[in-house]
Amino acid sequence: MQPPSVYPSINQVISLLNDVLFARLTTYFEQQPFSINQLENDPRWQQVDEWLQVPDTYAQTEKLILLLAVVPHILPGFFEGIIAQTLPQGGEFVEFGGVKGTQHRGMLPTGETALFVLAGTDVAQRLMVQSAFAEHAHLTSSGLLRLESVKEGEPAMSGRLLLDHDWLEKLLFRKEVMPTFGAEFPARRVETLMTWDDLVLHPQTMEQISDIRLWMQHHEQMMQDAVLARKIKPGYRVLFYGPAGTGKTLTTMLIGKEYDLPVYRIDLSQVVSKYIGETEKHIEWVFNRASRKKWILFFDEADALFGKRTNVQSAHDKYANQEVSYLLQRIEEYDGLLILASNFKNNIDDAFLRRFHSLIHFPIPSVNERQKLWSRCVPASLTAESGINWEDIARQYEITGAGIVNVMQYALLRSFARKSETLLQRDIIEGIRKEFRKEEKAF
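Residue numbers (the numbering used here): 42 to 484.
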């Protein structure tokens, strides 16, 4: 595998950071003055800019903080090596900060490490550097880096420098790495190969979906309005409700496909059943990442967590209600498109319903809609036998779009088994019978 062309510049970047740390430590022990500005004209800053690829508005101090946070991921013993050169006898060096990780055996930089490297023991300068970690500073507002929270009573700057995992992966490997579904990220990306032509919905449902399109096209312009910008909250919240298989998930994926935005489905069953007690933390990670990357968030089967709040009869009920309240608050703050799907609108807590911008009903397809679905689902590799009347089938059998796809899949497999290129009506009817049996409906 060929390494990215930017890799050779890493050596120059590391050497610059090495020189900065060595100069700071040497002058500190020799009680000599030193300022980062002494290296501001070093030609190696060009390699730093090419490698980090952060906006030009970032100061050199902010770039150095990023380098301090990145270097343990490349050279685990980097800081120990620098300290050993200037402190060969060993010993405690509190001023440098740093902590040991749970599994990582080397030093991990903290906010105190950044303060010492950039400002030494100059109190005024240290306070200036500390402002780089403020809420609205470049590093934190962009989500690239944050300070780990510390125990109450300990200095805030003793927290580790934590990088955004996605940005770090992209920095090191020069490609976008999709987050992996798991304990710490209870969401999966969902995509479809289908198009809007494959979706058949009630005209009123399609008209309401056009409202979502309007918001997608003009929400940034709307938030620049001098009056409304201070009165409305960013983001757009929609509830899709209706029976399973009526197109709620497909519609969400098609909206993401149309605007080239990833759609991530939150797995509420995982959140509730496995991570109770840490729900807020894991959901917060999803929301923070989604906000930075402009994802569309999709909560399928939302009744699981967004349903009617229960009467408090146990500690578990109390915590479950706290989760609902927390998620309600977090959903309101999300600045992108957020879609909840439920089979029944009445199952959703009234406090949520009042906060949706739009409630869109996905009913069972009508006869005309079912006829369109049947005719559009005929496999390209088969020819329907002459006796099939899609209108009669649509009128006789009430079935959803997802059910129709399942029937066609069954009929296609039956034709493959016969080594035939003809779609038979008896296979269609048998497929419908199987779908009705699954739903415990009379055939």
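Ideal Cβ positions, reconstructed from N, Cα and C, are used throughout, including at glycine.
Predicted model, so just to flag it, every value in this text is computed and none were measured.
Straight-line Cα distance separating GLY200 from SER190 = 6 Å
How is MET42 classed by DSSP in three states: helix, strand or coil?
-> A caution first: MET42 carries a pLDDT of 46, below 50, which makes its placement in the model unreliable, though a value can still be read off. It is coil, neither helix nor strand.
Could you tell me which residues DSSP pairs with TYR282 in its beta bridges?
-> SER383 and HIS402
Using the C-alpha atoms, what's the distance from LYS460 back to PRO227?
-> 43 Å
Where does LEU423 fall in DSSP's three states?
-> coil
Where does THR236 sit, in a helix, a strand or coil, going by DSSP?
-> coil
Among VAL164, LYS335 and ILE106, which residue has its Cα nearest to the Cα of LEU202?
-> ILE106
Evaluate THR236 with the Cβ neighbour count: other Cβ atoms within 10 Å of its Cβ, from every protein chain shown; 16 or more gives buried, anything less gives exposed.
-> exposed
Whether VAL231 touches VAL304 by CB criterion (7 Å) | yes
Can you say whether PHE119 is buried or exposed, counting buried as having 16 or more other CB atoms within 10 angstroms of its CB?
-> buried
Grab me the residues of ARG371's own chain with a C-beta within less than 6 Å of its C-beta, minus the 5 sequence neighbours each way, in chain order.
-> PHE328
What is the DSSP secondary structure of PHE393, reduced to helix, strand or coil?
-> helix
Please classify HIS243: is it buried, with 16 or more other beta-carbons within 10 angstroms of its beta-carbon, or exposed?
-> buried
What residues in its chain sit with their C-beta under 6 Å from that of GLY184, if we drop five residues either side in the sequence?
-> ASP205 and ARG333
Pull up the DSSP beta-bridge partners for ARG229, would you.
-> ARG306
For LEU80, which of LEU159, HIS260, GLU342 and HIS402 has the nearest alpha-carbon?
-> LEU159
Rounded distance between the beta-carbons of PHE457 and LEU280, thought under 8 Å | With 8 Å as the limit, LEU280 and PHE457 do not qualify as a contact, their Cβ atoms being about 40 Å apart.
ASN52: which of HIS259, GLU71 and LEU108 sits nearest, CA to CA?
-> LEU108
Contacts around SER56, its chain only, beta-carbon distance under 8 Å, and the 5 residues preceding and following it disregarded | ARG85
Continuous alpha helix (DSSP H) assignments of at least 4 residues falling wholly in the segment 66-134 | 86-93, 101-111 and 119-127
What did DSSP end up calling VAL140 once you bin it into helix, strand or coil?
-> strand
In terms of residue numbering, what span does the beta strand (DSSP E) encompassing ILE337 cover?
-> 337-340
Terminal residues of the continuous beta strand (DSSP E) containing LEU185?
-> Note, LEU185: premise wrong, no beta strand (DSSP E); not H, not E.
With a 10 Å radius around its C-beta and 16 neighbouring C-beta atoms as the bar for buried, classify LYS272 as buried or exposed.
-> exposed
With a Cβ-Cβ cutoff of 7 Å, do GLU136 and PHE157 count as a contact?
-> yes
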